[in-house]
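> Number 232 marks the last residue of the sequence shown (full-length UniProt numbering); no jumps. Think of the CB as a built atom: it goes at the ideal place given N, C-alpha and C, for glycine as much as any other residue.
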Amino acid sequence: MAAATPKLKLFTNHMCPWAHRAHIALAELRVPFEEEIIDLSKPRTAEYLKINPRGLVPSLAVNDDIITESAIVTSYLADAFPSHLAPASTDLNGPLARARMSFFADTWTSKVNGHVFKITAAQTDAQKATAGKDIVDAVVKELEPLLANAAPFFNGSDKLTLAEALTGSFIVRLFTFPKYGLIPRSVLDELSIKAPNFYRWGEAVSKHPSVTGIFDEAVIAERTKQRFAATK
Ligand SMILES: N[C@@H](CCC(=O)N[C@@H](CS)C(=O)NCC(=O)O)C(=O)O
Numbered sequence: 001m002a003a004a005t006p007k008l009k010l011f012t013n014h015m016c017p018w019a020h021r022a023h024i025a026l027a028e029l030r031v032p033f034e035e036e037i038i039d040l041s042k043p044r045t046a047e048y049l050k051i052n053p054r055g056l057v058p059s060l061a062v063n064d065d066i067i068t069e070s071a072i073v074t075s076y077l078a079d080a081f082p083s084h085l086a087p088a089s090t091d092l093n094g095p096l097a098r099a100r101m102s103f104f105a106d107t108w109t110s111k112v113n114g115h116v117f118k119i120t121a122a123q124t125d126a127q128k129a130t131a132g133k134d135i136v137d138a139v140v141k142e143l144e145p146l147l148a149n150a151a152p153f154f155n156g157s158d159k160l161t162l163a164e165a166l167t168g169s170f171i172v173r174l175f176t177f178p179k180y181g182l183i184p185r186s187v188l189d190e191l192s193i194k195a196p197n198f199y200r201w202g203e204a205v206s207k208h209p210s211v212t213g214i215f216d217e218a219v220i221a222e223r224t225k226q227r228f229a230a231t232k
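See below:
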């Protein structure tokens with residue numbers, strides 16, 4: 001007998017790119033879930049700290065169990081609801097395909113994401129120029145080769161995969177923030193020339209409805225500006 005579908009509740013905040021990962025997976029899986037928005041502008045309540053002692057979003061309640069950390073939550077969703085996001089680890093090529101997607105997401109997080117954070121936080125043109133060069137160099141070296149067979153999504157997929165669920169929230173920021181002056185447009189222009197695989201993939205990812213669903217770009221760009229203006 002098939003196991004009953006678990007009851008899911010996502011503790012989230014739509015401004016948070018880490019929580020956004022779980023939203024992308026849930027949108028693709030089309031599984032019903034409840035959500036509770038956690039106000040990150042205030043100290044976490046004692047009730048939420050019982051759910052996640054680190055006080056971070058996202059957290060996912062699966063019936064009475066809690067899962068935290070966005071990569072773990074998102075991978076759990078791909079495991080629990082078999083779909084186009086990822087082959088099962090018991091499939092012939094499943095473990096290898098999953099290792100490739102994990103490596104891709106890890107590469108984004110460990111090699112590129114920090115530079116994107118720095119460019120949005122930069123206070124001077126010189127800082128923006130340095131971070132912009134670092135983004136382009138890291139994408140060209142680390143990500144461009146991993147996207148040679150994207151079609152348009154990871155590893156020849158015509159649908160989003162776990163690789164996009166884990167990175168799409170950051171990609172949509174990189175591709176939309178130039179409109180709001182948070183990232184110089186020249187960074188995207190350079191990427192389109194020096195990293196054409198990445199640029200084509202990023203354009204497709206940043207327009208996908210499962211990625212844009214909870215992403216209110218104007219509000220998020222404004223909040224990001226305010227956050228960094230406050231640190232001036
Ligand atoms: N490593 C965590 C990072 C999550 C995270 O940093 N969430 C931020 C919002 S984007 C948060 O909850 N911040 C609350 C705080 O620092 O008080 C994950 O991947 O889930």
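1. Using beta-carbon positions only, say whether T120 and T12 come within less than 7 Å of one another.
2. Got a sec: does ligand 1 put a non-hydrogen atom nearer than 6 Å to the Cβ of V57?
3. Could you compute how far the alpha carbon of L92 sits from the alpha carbon of A22?
4. Between A86 and A78, is the Cβ-Cβ spacing less than 7 Å?
5. Can you tell me whether L96 is buried or exposed, with buried defined as 16 or more other CB within 10 angstroms of its CB?
6. Give me the Cα-Cα distance between residue 237 and G168, rounded to the nearest whole angstrom.
7. Looking at the unbroken beta strand (DSSP E) that takes in D65, where does it start and where does it end?
8. Compare the C-alpha of V140 against each of K128, K159, V112 and K118 and name the closest.
9. Which residue comes first and which comes last in the alpha helix (DSSP H) that contains L26?
With the given structure in hand:
1. no
2. yes
3. 26 Å
4. yes
5. exposed
6. Summary: the structure shown does not reach residue 237, with the chain confined to residues 1 through 232, and so no result is reported for it.
7. Boundaries of the beta strand (DSSP E) around D65: D65 to T68.
8. V112
9. P17 to L29
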